[in-house]
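Below: the structure, in structure tokens.
Residue numbers (the UniProt record's numbering): 1 to 210.
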């Protein structure tokens with residue numbers, strides 16, 4: 001059963017507590033440094049999951065689209081590793097509090113089955129994405145990292161050392177990859193700052209390698 005139909009058929013004891021919110025593009029939906037006790041159902045738009053280490057290295061982990069959900073792991077497990085989630089495109093979201101989430105599970109078998117199916121799918125997709133990243137060339141991992149920093153409006157903070165960490169390669173290999181990217185017209189590197197020459201060209205390349 002589709003999530004849209006499950007929401008429509010939700011028990012009244014659950015539906016009366018639905019909260020609707022909107023997040024403009026680029027806004028943080030879930031901050032990893034804050035406690036989350038809600039389920040978020042994405043009604044429209046897209047949201048991106050990413051992690052950032054203390055050196056500023058950023059890794060994009062997952063993209064959520066219409067009628068997908070997130071936040072359930074934090075509700076089910078207090079010790080789960082938390083990630084940041086931002087609105088990649090303008091998001092309309094249905095927010096369910098922790099208590100109502102548990103009530104929904106107890107009173108609606110269709111929702112419970114859908115939840116388990118999606119958790120299994122997320123695990124499978126995450127494993128596949130990790131494998132794909134590991135198989136990319138240094139040049140493609142470099143472009144992927146640059147693109148991620150651009151999407152988070154942090155391209156001006158990206159350094160070669162951060163790239164070395166994200167790409168998991170030597171500075172020599174990263175320098176070689178940067179030179180390749182420059183020659184192929186993807187980026188410019190000047191005054192220790194990266195600039196994207198053609199965003200459309202870079203997007204198309206990222207899509208082609210995934």
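We treat Cβ as the ideally placed atom computed from N, Cα and C, and that holds for glycine.
This one's a predicted model, so the numbers in the text were calculated from it and none came from an experiment.
Buried or exposed: which applies to residue 134, given that a residue is buried once 16 or more other Cβ atoms fall within 10 Å of its Cβ?
Using a 10 angstroms sphere on the CB of residue 134, the tally of other CB atoms stays under 16, which defines it as exposed.
Measuring only the C-alpha atoms, how far is residue 6 from residue 205?
37 Å
Classify residue 198: buried if its beta carbon has 16 or more other beta carbons within 10 angstroms, exposed otherwise.
exposed
Can at least three beta-carbon pairs, one atom from the stretch 105-117 and one from the stretch 9-22, be found at a separation below 8 Å?
yes
So, helix, strand or coil for residue 177, using DSSP?
helix
Hey, residue 48 and residue 60: beta-carbon distance below 8 Å or not?
yes
Within a Cβ cutoff of 8 Å, which residues of the same chain sit near residue 203, ignoring the five residues on either side of it in sequence?
In the same chain as residue 203, and ignoring 5 residues on each side of it, the C-beta atoms closer than 8 Å to its own belong to 147, in chain order.
Assign residue 139 to buried or exposed, taking buried as 16 or more other Cβ atoms, counted over all protein chains shown, within 10 Å of its Cβ.
Under the 10 Å beta carbon count, residue 139 is surrounded by 16 or more other beta carbons and is classified as buried.
Going by the DSSP bridge assignment, what does residue 21 pair with across the sheet?
Residue pairing by DSSP places residue 21 opposite 93 in a beta bridge.
Within 10 angstroms of its Cβ, does residue 186 collect 16 or more other Cβ (buried), or is it exposed?
buried
For residue 193, which three-state DSSP category applies?
strand
In its own chain, which residues sit with a C-beta less than 6 Å from the C-beta of residue 65, not counting the 5 before and 5 after it?
46
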